[in-house]
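If you're matching them up, the sequences are chains A and B in order. Numbering that gives the first Met the number 0 puts the first residue of the first sequence at 0, with every later residue one more than the last. Numbering that gives the first Met the number 0 puts the first residue of the second sequence at 0, with every later residue one more than the last. Below: one structure, written as structure tokens.
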Amino acid sequence: MLLRLVRADLKIIVRNRQALFWALLFPIMFTVVFGLFRFDEVATANVAVVPSGGPAAAPVVAGLQGVDVVKVSPGIGTEAEARTALTDGEIDFALLVPDEGPVRMLFVESAADRNRIFVSVFRQVLDQVNIRIAGISPRYELVPVGVAGNTTTYYDFVLPGLVGMAVMTYGIIGIAGTIAQYRGQRILRRIRATPLSPRTFLVALGLAHLMLAVVQSGLVLATGVFLFGANVRGSILAIILFALLGNLTFINIGFMVAARAETAEAASGLGNFVAMPMMFLSGVFFPTDSLPWILPTVTSLLPLYPLVDAIRRISVDGASIMQLGSQFGQLAVWAVGSLILATRMFRFERA
Amino acid sequence: MTAAVAVEVADLVKDFRQRGGGTLRAVDGISFAVEHGEIFGFLGPNGAGKTTTLEIMEGLQIPTSGSADVLGLDSTKHSSEMKRRIGIQLQAGAYFNYLTLREILDLFGSFYPHNLAPDDLLARVGLADKAGSLIKQLSGGQQQRFSIVASIVNDPEVVFLDEATTGLDPHARREVWDLIRGIRASGKTVVITTHYMEEAQTLCDRVAIIDYGRIVELDTPEGLVRGLDASYRIVFESRDGVDVGALSGLPGIVTAGPARDRTGAFELSVRRPAEALRGLLRWSEDSGVELGELQVLPATLEDVFLSRTGRALRPGSPEEGEE
Numbered sequence: 000m001l002l003r004l005v006r007a008d009l010k011i012i013v014r015n016r017q018a019l020f021w022a023l024l025f026p027i028m029f030t031v032v033f034g035l036f037r038f039d040e041v042a043t044a045n046v047a048v049v050p051s052g053g054p055a056a057a058p059v060v061a062g063l064q065g066v067d068v069v070k071v072s073p074g075i076g077t078e079a080e081a082r083t084a085l086t087d088g089e090i091d092f093a094l095l096v097p098d099e100g101p102v103r104m105l106f107v108e109s110a111a112d113r114n115r116i117f118v119s120v121f122r123q124v125l126d127q128v129n130i131r132i133a134g135i136s137p138r139y140e141l142v143p144v145g146v147a148g149n150t151t152t153y154y155d156f157v158l159p160g161l162v163g164m165a166v167m168t169y170g171i172i173g174i175a176g177t178i179a180q181y182r183g184q185r186i187l188r189r190i191r192a193t194p195l196s197p198r199t200f201l202v203a204l205g206l207a208h209l210m211l212a213v214v215q216s217g218l219v220l221a222t223g224v225f226l227f228g229a230n231v232r233g234s235i236l237a238i239i240l241f242a243l244l245g246n247l248t249f250i251n252i253g254f255m256v257a258a259r260a261e262t263a264e265a266a267s268g269l270g271n272f273v274a275m276p277m278m279f280l281s282g283v284f285f286p287t288d289s290l291p292w293i294l295p296t297v298t299s300l301l302p303l304y305p306l307v308d309a310i311r312r313i314s315v316d317g318a319s320i321m322q323l324g325s326q327f328g329q330l331a332v333w334a335v336g337s338l339i340l341a342t343r344m345f346r347f348e349r350a
Numbered sequence: 000m001t002a003a004v005a006v007e008v009a010d011l012v013k014d015f016r017q018r019g020g021g022t023l024r025a026v027d028g029i030s031f032a033v034e035h036g037e038i039f040g041f042l043g044p045n046g047a048g049k050t051t052t053l054e055i056m057e058g059l060q061i062p063t064s065g066s067a068d069v070l071g072l073d074s075t076k077h078s079s080e081m082k083r084r085i086g087i088q089l090q091a092g093a094y095f096n097y098l099t100l101r102e103i104l105d106l107f108g109s110f111y112p113h114n115l116a117p118d119d120l121l122a123r124v125g126l127a128d129k130a131g132s133l134i135k136q137l138s139g140g141q142q143q144r145f146s147i148v149a150s151i152v153n154d155p156e157v158v159f160l161d162e163a164t165t166g167l168d169p170h171a172r173r174e175v176w177d178l179i180r181g182i183r184a185s186g187k188t189v190v191i192t193t194h195y196m197e198e199a200q201t202l203c204d205r206v207a208i209i210d211y212g213r214i215v216e217l218d219t220p221e222g223l224v225r226g227l228d229a230s231y232r233i234v235f236e237s238r239d240g241v242d243v244g245a246l247s248g249l250p251g252i253v254t255a256g257p258a259r260d261r262t263g264a265f266e267l268s269v270r271r272p273a274e275a276l277r278g279l280l281r282w283s284e285d286s287g288v289e290l291g292e293l294q295v296l297p298a299t300l301e302d303v304f305l306s307r308t309g310r311a312l313r314p315g316s317p318e319e320g321e322e
């Protein structure tokens, strides 16, 4: 009976496009969007060498062409033209190469970090040109050799957050919306007219949502890893286990929201009201340590915080469940506490 | 196991707390019994307390006082055992949007220890070819037939149907009536609510007329009509002016006035139609008034309701929301 109900609930979820969007497409969309932005890479810079085509400029242009983060923009003949192009954003840098004297580098003053990086890039290029012209064969040369190591990109950091976000959003909004809808369509009343215990009905709905949380976590992780090369170091199984544990709390919160909301619209509104702040305050997208005052402590008490934290430690640091006792404990307390609260607040049906 | 009657309701009262304070008495001391194998109807306007009474019998609401026993089981105290043996159809919809008809019957059947095969049930209401469809793909009549057949998925002994034909066209309504008669023919007891006079009259073995939470009359439809002072109506049209007052003095005629369901026509409520007709024809010759479209009709439950409550029973009349 329970299994049949769970199967029916899953069918309903899969056939309801809107619910499916929230459950699967929405988090995957986030995963893709974050994957498309290369937060940790230095974007290619457009450089004009002025005057282009001059005898002094030619070796510099040749040198620049060997650098992959630089693209030489042709056709800028004078310093005045270069300044205009810089101001308009057509080029990022201009190198003024006179026949005599030092090479001047023009840049826009706003992007300080980027400018610093490119100052050394250009300095290195000019050094190499000097060496080649002097005809010296260099004694010391740098050959970068990559060793696979624990470099963590922002994407590696954000992906565990997205897993937590997906599970949280659908746990709360999905449950609240479904219950509110069932109540509106008098399905809950119809169920109460059968010998089926309301508890069995609700447990089945919760179980279906837990199963979906496994699919969600798996899909988000798979999208991140296979499409965008995210690094997941720890055990996927451990991540899913935490997602399930965390989802217990969110499902309970969903039932609480449904207890307070009269209509499906109200349930979705109230659900978002609970879910959205939690999403930003629980370290999904950025660490919350830098928040002022006692806020870091407060946010760490939210149920999403230990979930994201645990998944991140597994994914980024390769932590095992054994090392995540405090997060596990915190989530377990939340799960039990929210279950008690939800049981008190929730009425299967208003008399 | 088998009780003497299918349903026994005694001194049932149900109060609802109202939003602005105070209480609304939706059911005001109702008692009746439903025999095994009959179609028992509650007839009354919206807000009369029909649904509340039904839902107390179904174990969906707890009475303020009084009791409702179904199959000898108290519907409040032994509701879970009772629910296994009854079938329920709610006033509107109440099935999953994203499950097919077969899946819904399969699922609801699984809630009961004993259940009927979904495909057999669907075949019974002519929906065999819709087994794989969703509710929203059905017409109104089909939806209603489905919701009734879903109420007998556990092969219940008593079936409760709330406003089973509301909003249906006459053809679809007749199909639902046949379906309900079929359910009764298979040995079940059926309790229905309706605000359609015709439905109560043609479908029900006995009818309880309910108004303001009380049963004002309870009998067979024929018995109810027979109990009227005037059990026939004579309706006619006339181009000339008619002195209604003069007619009501004739023998056998109880009242005379404009017809309530045909504009421009007149109607007489009469006790003995033959005697009244003779008088009417003599009066027509004497006064030279031409009688057109003359009809002699038996009185209906509409007349019963009118005579007992002083109000007409019309669907869509001013109503409080049924709780």
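We put the CB at the ideal spot given by N, CA and C, even for glycine. The structure displayed is predicted, hence computed values, not measured ones.
Alpha carbon of residue i to alpha carbon of residue j, nearest angstrom
i                : j                : result
arginine 83/B    : aspartate 8/A    : 23 Å
leucine 300/B    : proline 220/B    : 7 Å
leucine 104/B    : leucine 202/B    : 26 Å
glycine 71/B     : leucine 100/B    : 33 Å
arginine 173/B   : leucine 160/B    : 15 Å
glutamine 294/B  : alanine 207/B    : 29 Å
valine 234/B     : isoleucine 29/B  : 36 Å
alanine 5/B      : serine 286/B     : 58 Å
alanine 242/A    : valine 8/B       : 52 Å
glycine 315/B    : proline 44/B     : Residue confidence is low: glycine 315/B scores 42 on pLDDT, short of 50, so the model does not pin down where it sits. Its coordinate-derived value is still stated next. Rounded to the nearest angstrom, the two C-alpha atoms are 8 Å apart.
methionine 255/A : glycine 108/B    : 30 Å
alanine 257/A    : isoleucine 178/A : 6 Å
valine 241/B     : tryptophan 282/B : 11 Å
glutamate 328/A  : arginine 182/A   : Note on residue identity: the sequence assigns glycine, not glutamate, to residue 328/A. Approximately 34 Å between the Cα atoms of the pair.
isoleucine 250/A : glycine 205/A    : 7 Å
alanine 265/A    : arginine 259/A   : 9 Å
Secondary structure of residue i, DSSP reduced to three states
i                : result
glutamine 136/B  : helix
glutamate 162/B  : coil
tyrosine 153/A   : helix
leucine 141/A    : coil
isoleucine 250/A : helix
alanine 179/A    : helix
asparagine 129/A : helix
arginine 261/B   : coil
Proximity test, Cβ basis, 8 Å: residue i and chain A
i                   : result
phenylalanine 95/B  : yes
isoleucine 191/B    : no
tyrosine 111/B      : yes
glutamate 321/B     : Because glutamate 321/B carries a pLDDT of 38, less than 50, the predicted location of this residue cannot be relied on, and the following value inherits that uncertainty. It does not; no Cβ of chain A falls within 8 Å.
leucine 23/B        : no
glutamate 102/B     : yes
phenylalanine 107/B : yes
isoleucine 87/B     : yes
glutamate 7/B       : no
lysine 82/B         : yes
glutamate 289/B     : no
proline 317/B       : Low local confidence applies: a pLDDT of 37 at proline 317/B is under 50, so the model's placement there is unreliable, and no value is given.
leucine 59/B        : yes
serine 79/B         : yes
Interface flag, residue i vs chain B, CB-CB below 8 Å
i                : result
threonine 177/A  : no
alanine 350/A    : Low per-residue confidence applies at alanine 350/A: pLDDT is 48, beneath 50, and the placement is therefore not dependable enough to give any value.
threonine 193/A  : yes
methionine 210/A : no
methionine 0/A   : yes
glutamine 184/A  : yes
isoleucine 11/A  : yes
leucine 4/A      : yes
arginine 14/A    : yes
According to DSSP, residues forming a beta bridge with residue i
i                : result
asparagine 96/B  : Per DSSP, none; premise fails for asparagine 96/B.
methionine 104/A : Leu94/A
tyrosine 231/B   : Val269/B, Pro297/B
Proximity of residue i and residue j at Cβ, strictly below 8 Å
i               : j               : result
glutamate 37/B  : aspartate 204/B : yes
arginine 144/B  : valine 190/B    : no
serine 337/A    : threonine 248/A : yes
aspartate 210/B : threonine 63/B  : no
proline 26/A    : alanine 165/A   : yes
glycine 253/A   : glycine 163/A   : no
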